[in-house]
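**Q**
Numbering (the numbering used here), first residue to last: 15 to 322.
1. If we call anything under 8 Å between Cβ atoms a contact, is residue 201 one with residue 215?
2. With 16 other CB atoms within 10 Å as the buried threshold, where does residue 306 fall?
3. Where does the unbroken beta strand (DSSP E) through residue 100 begin, and where does it stop?
4. If you reduce the DSSP assignment to three classes, tell me which class residue 23 lands in.
5. Kindly indicate the opening and closing residues of the alpha helix (DSSP H) around residue 118.
6. By the 10 Å Cβ neighbour count, where 16 or more other Cβ atoms means buried, how is residue 321 classified, buried or exposed?
7. For residue 80, which residues of its own chain have a beta-carbon under 8 Å away from its beta-carbon, when the five flanking residues on both sides are left out?
8. Alpha carbon to alpha carbon, what distance is there between residue 96 and residue 144?
9. In the structure shown, what three-state DSSP assignment does residue 227 receive?
10. Check the C-beta distance from residue 195 over to residue 164 and give it rounded, since I have them as a contact under 8 Å.
11. Looking at the secondary structure, which residues open and close the beta strand (DSSP E) in which residue 83 lies?
12. Can you give me the C-alpha to C-alpha distance between residue 314 and residue 228, rounded to a whole angstrom?
13. Answer with buried or exposed for residue 186, where buried requires no fewer than 16 other C-beta atoms within 10 angstroms of its C-beta.
14. Based on the DSSP secondary-structure assignment, which residues constitute the bridge partners of residue 40?
15. Using alpha carbons as the reference points, say which of 52, 310, 188 and 31 lies closest to residue 239.
16. With DSSP collapsed to three states, give me the class of residue 11.
17. Should residue 48 and residue 118 be called a contact, given that it needs their Cβ atoms to be closer than 8 Å?
18. For residue 91, does the three-state DSSP call read helix, strand or coil?
19. Here's the rule I'm using: 16 or more other beta-carbon atoms within 10 Å means buried, otherwise exposed. How should residue 189 be labelled?
20. Nearest chain B C-beta to residue 36 closer than 8 Å, yes or no?
21. I'd like the span of the alpha helix (DSSP H) that includes residue 165, first residue to last.
22. Use the C-beta contact count for residue 247: other C-beta atoms within 10 angstroms, 16 or more gives buried, fewer gives exposed.
23. In angstroms with no decimal places, state the Cα-to-Cα distance between residue 291 and residue 230.
24. CA-CA distance, residue 106 and residue 146?
25. On the CB-based measure, 16 or more other CB atoms within 10 Å of its CB, does residue 125 come out buried or exposed?
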């Protein structure tokens, strides 16, 4: 048997049903979500299960790929042809008769959505399969943004959220690495589970100091230099900014203080405008070849930050 997977309790809960849901929306945890979907299908088809867990050694466990069709975006999109081919696979009878279930797993499933609320053809095509699922079929949509999908699609899927599970695993890992409780709380707050080194921690500490300085309207020279030297890591910086500004707004509006880091008293209007500015910069840098340094400087200029 393979090592016990971290999602075993979730798996056993779903397998304990009289029959599984015909579709799942699995969020926050790639590649964990993909592992879960694959493991689930293996469990449904296993010929010699150990309790509810797959044995990992039988004909179906060793050939799980025969019962699974994967769809992932090409050139940033999942097309209507991809969805039709996946639906055809679920309806086909060509899969080896040893398998009781066939599965369609759509990775980054939000890539099949469209801003055109009327002509969302990919989702509407998938909806037909969800409304009348073929016998012995199961569908997994893997996505961190479940709100992207049409309500008619979401309502026909069971939702599994991995974020609490991931964070608990992450906490244990940080404890094994001898991080202090305060350091762990800071890393959990940012929720970037790729941060596991002292350098990562120092980066976040510096980014928090930058966020605090932006709200205060004052940066010292060393902070300014750090921002410019690390502007190419804008995704990580803006993530920390977003978390800090969001918590600052909660504090201002509710008085609920977050002890993980110091939040400066500030006008809620300034915080909201700063959140809007950082979101705009994220969109610009994600969709254009604009210079991260220029965009960071523009943020400081808009927020009227002076260098002390």
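No residue lacks a Cβ here, since even glycine has one placed at the ideal position from N, Cα and C.
**A** According to the data block:
1. Here residue 201 refers to the residue found at position 187 of the chain shown. Here residue 215 refers to the residue found at position 201 of the chain shown. It is a contact, given that the beta carbons lie within the stated cut-off.
2. Reading the chain shown from its first residue, position 292 is the one you call residue 306. With 16 or more other Cβ atoms within 10 Å, it is buried.
3. In the chain shown, residue 100 corresponds to position 86, counting from 1. For residue 100, no beta strand (DSSP E) run applies; the uninterrupted alpha helix (DSSP H) run containing it begins and ends at 94–105, by DSSP.
4. On the chain shown, position 9 is the one that residue 23 refers to. The three-state reading of DSSP puts residue 23 in helix, counting H, G and I together.
5. Reading the chain shown from its first residue, position 104 is the one you call residue 118. Boundaries around residue 118 are those of the beta strand (DSSP E), 116–120, since no alpha helix (DSSP H) includes it.
6. For the purposes of this step, residue 321 is identified with residue 307 of the chain shown, where counting begins at 1. With fewer than 16 other Cβ atoms inside 10 Å of its own Cβ, residue 321 counts as exposed.
7. Residue 80 sits at position 66 when you count from the first residue of the chain shown. If the five residues before and after residue 80 are omitted, its C-beta is found closer than 8 Å to the C-beta atoms of 109, 110 and 113, all from its own chain and listed in chain order.
8. On the chain shown, position 130 is the one that residue 144 refers to. On the chain shown, position 82 is the one that residue 96 refers to. Rounded to whole angstroms, the separation of the alpha carbons of residue 96 and residue 144 is 16 Å.
9. Counting from one through the chain shown, the residue named residue 227 turns up at place 213. In the structure shown, residue 227 falls within a helical segment according to DSSP collapsed to helix, strand and coil.
10. Numbered from 1 along the chain shown, position 181 holds the residue referred to as residue 195. Numbered from 1 along the chain shown, position 150 holds the residue referred to as residue 164. Not quite, the Cβ-Cβ distance comes to about 43 Å (not below 8 Å), so this is no contact.
11. For this step, residue 83 is matched to residue 69 along the chain shown. Segment 82–85, the beta strand (DSSP E) holding residue 83.
12. Along the chain shown, one-based indexing puts residue 314 at 300. Along the chain shown, one-based indexing puts residue 228 at 214. Taking the straight line joining both Cα atoms gives about 7 Å.
13. Against the chain shown, residue 186 aligns to sequence position 172. Result: exposed.
14. The count along the chain shown starts at 1 and reaches residue 40 at position 26. Residue pairing from DSSP places residue 40 in a beta bridge opposite 156 and 174.
15. As a first step, residue 239 is located in the chain shown; it is residue number 225 there, counting from the start. Checked all of 52, 310, 188 and 31; the closest Cα to residue 239 is 310.
16. This structure gives no information on residue 11, because the portion of the chain shown stretches from 15 to 322.
17. Along the chain shown, one-based indexing puts residue 48 at 34. Along the chain shown, one-based indexing puts residue 118 at 104. The answer is no: Cβ separation not under 8 Å.
18. Taking the chain shown and counting its residues from 1, one reaches residue 91 at position 77. Assigned with DSSP and collapsed to three states, residue 91 falls in strand.
19. Working through the chain shown from its first residue, we reach residue 189 at position 175. The residue is exposed, with fewer than 16 neighbouring Cβ atoms inside 10 Å.
20. Any reference to chain B falls outside this structure, which holds one protein chain only.
21. Counted from its first residue, the chain shown places residue 165 at position 151. Boundaries of the alpha helix (DSSP H) around residue 165: 165–168.
22. For the purposes of this step, residue 247 is identified with residue 233 of the chain shown, where counting begins at 1. It counts as exposed.
23. Translated into the one-based positions of the chain shown, residue 291 becomes position 277. Translated into the one-based positions of the chain shown, residue 230 becomes position 216. The alpha-carbon atoms of residue 291 and residue 230 are separated by roughly 16 Å.
24. Taking the first residue of the chain shown as 1, we reach residue 106 at position 92. Taking the first residue of the chain shown as 1, we reach residue 146 at position 132. Residue 106 and residue 146 have their C-alpha atoms some 14 Å from each other.
25. Numbered from 1 along the chain shown, position 111 holds the residue referred to as residue 125. That one is buried.
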